[in-house]
Structure formats: C-alpha cells, structure tokens
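In terms of our numbering, the sequence shown opens at residue 1 and continues consecutively.
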Amino acid sequence: MERPHGPTGVGLGLRSRYLERVAEGALEGVVDFLEISPENFMHRGGRSHALLERIADRHPILSHGLMLSLGGTGPFDPAYLDTLRDFLSRTGSPWHSDHLCFSGLEGTLLHDLLPVPFSTASARHVAERVMRVRDHLGRPMAVENISWYAHGGASDRDEAEFIAEVCGRADCGLLLDVNNCWVNAKNHGTDVMDFLSKVPLDRVIQIHVAGHERYDDDLYVDTHGARAEPRVHELLAWVVERTGPVPVLLERDNNLPPLEELVDELAGIRATYEAAIARHRQRSIHTEHTSHATR
C-alpha cells in the first residue's frame, strides 16, 4: 500500500480535561496534529461538540478507535460504523486505526484489549474484518500492536510475523506503538530489536509513544500514566530513522498532569524525532549515492 497523505511530526492524544484550553489555542505551534478516540466524542453534542469543532479548525485530527474488536467473532454494528463514518468525514481524519486484538464477546464489550492467536487462521480472520471496516468507512485502515500479558491461544508464529501477515493480507497500515514493543519484550523475555526487524516498517503510517509502570519488579504494565522512558525514545528514534516522516503521538490517559508538563514531554519527543529524521535523510543520501556509484 502507499502511505496515505496525512500530517507528520509530533502530536498529542486529546483528552477531555484539556478541551477548553486546546480550543483556546494552548497547543498552537506546539503540536503538529491531535489524535482523538471517536467513541469519546461522536455521541456528544452541546459544548463538547462545539469545542471539538474549534479544535479541528486549529489542528489536523487523526482518529484512533477503541471498540472495533478486529479479532472478535461477533458481527459489526452497522449503526456504529455509520456513525463513525460520518464522524470521520466531519473531522477530516485521513485514516482510522484500531487495535489488533479482540475486546468483546457475544455482544458484550469487555473494556480491555485482549490478544488473539498468532496464526494464519487468525490473520486471515482479522484481515477480512479490517477490509470490511475499511470499505464501510471509505478510508484507509491501520492496526496497532497491543501490549499483552497472556497468550491469546495456539500460535504457529511470533507476534511480529503475525502482524506482518495481517497487514499484508488486509493491505492496511501499521500503527506501531514502541512502548508496547518494549513492554512485551520485558514481560515475555523476547528481543525487542528482533521484533522491530520483522514488523513491516514500510507499512508504518503512525507511531505511538507512551509511559508504562513496573509492578512487583517483574511486570511491566502499559498504563499510559507516566513519562516515556529513555529506552522508548531510543526505539522511536530507530524506527523513524528507517520510516522517515510519520506522525508520532504522545499518549497519556492516567495520572494526567497539567498541560504544561505534557508540553515539556512533547518537546523531548520532538527532539528525538527531529534527530532521527536528520539521520533518515543522511541514510537516504548515502543510499542514493551508493546506487548511482554501482550503475
């Protein structure tokens, strides 16, 4: 697939606590885009709707969903998809993303992101559902790698190979969460660089950065409740050096600090991003020169 046109640079996940200040321009010149979860907005009217419209006039908006349950077995709710399609049209998001997981069972929303088996049968099932959603929404789709804490069932490949198969079968984008990569590697004793070398970086259309917390010395939990640690910055830099300009988003959902603290963290992420982009350009120049020299 060709990478769909959209914003690049560094952005922030928009949370209700910050709506009024962002609508007033508090992030003007600070972020290159904002990301929203449509489920938090698309059934709300009144002041929230008005604030979001003002924000969309100031900043490009990307859409990241919570409820598709792409790995689930239940049918999609046509009314939900219709409402989501209309909402995306109003906000102008160039694509929609959701998690590579299941989050519902027999019509009940579990309010969690649960892993699926890493198998060809599972990849075929998820890919078919991704394509159905893409066709209904009329815009490109991307799937996000999740943090997981127990195996989702009998698997015949590793997670990175599974992600690559899903993206290939669905011809969709990848929203790569580098914090989830690191959390999973720590919890399951795997090599994070082996994972990153196997996922399809050419399909990365967006990156998530977040903080995690450690419990009982040996469990890492993706809480989105702390600053992203230096190793996560290193992984972000490694990926961006290879993908080139993509939108990089800071997620914060718990222990929400004053907006000024998030602005400070965004500045650090931007420094990591811009240094990686400079190295990407140097890599591209070197590759081009090498190619010319061998002709």
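Note that beta-carbon positions come from the ideal geometry of N, C-alpha and C, so glycine has one too.
Keep in mind it's a predicted model, so treat the numbers as computed, not measured.
| Item | Value |
| --- | --- |
| Residue 62 beta carbon less than 8 Å from that of residue 266 | no |
| Residue 248 vs residue 269 beta-carbon contact at 8 Å | yes |
| Contact under 8 Å by Cβ, residue 74 with residue 114 | no |
| Residue 183 (DSSP reduced to helix, strand or coil) | helix |
| CA-to-CA distance, residue 206 to residue 76, given in whole angstroms | 25 Å |
| Runs of beta strand (DSSP E) wholly within the stretch 23-100 (minimum 3 residues, chain order) | 33-36, 61-64, 96-99 |
| Proximity below 8 Å, CB of residue 116 to CB of residue 71 | yes |
| Nearest-angstrom Cβ-Cβ length linking residue 48 and residue 66, presumed shorter than 8 Å | With 8 Å as the limit, residue 48 and residue 66 do not qualify as a contact, their Cβ atoms being about 17 Å apart. |
| Within 8 Å, strictly: CB atoms of residue 156 and residue 190 | no |
| Residue 9 to residue 208 span [Cα, whole Å] | 12 Å |
| Cβ pair residue 210, residue 251 closer than 8 Å | yes |
| Anticipated Cβ contact below 8 Å, residue 228 with residue 179, distance rounded | 6 Å |
| Whole-angstrom distance between residue 90 and residue 241, CA atom to CA atom | 33 Å |
| Through-space distance from residue 214 to residue 183, alpha-carbon basis | 10 Å |
| Beta bridge counterpart(s) of residue 215 as assigned by DSSP | 219 |
| Secondary structure, beta strand (DSSP E): runs of 3+ residues fully inside the stretch 127-170 | 141-144 |
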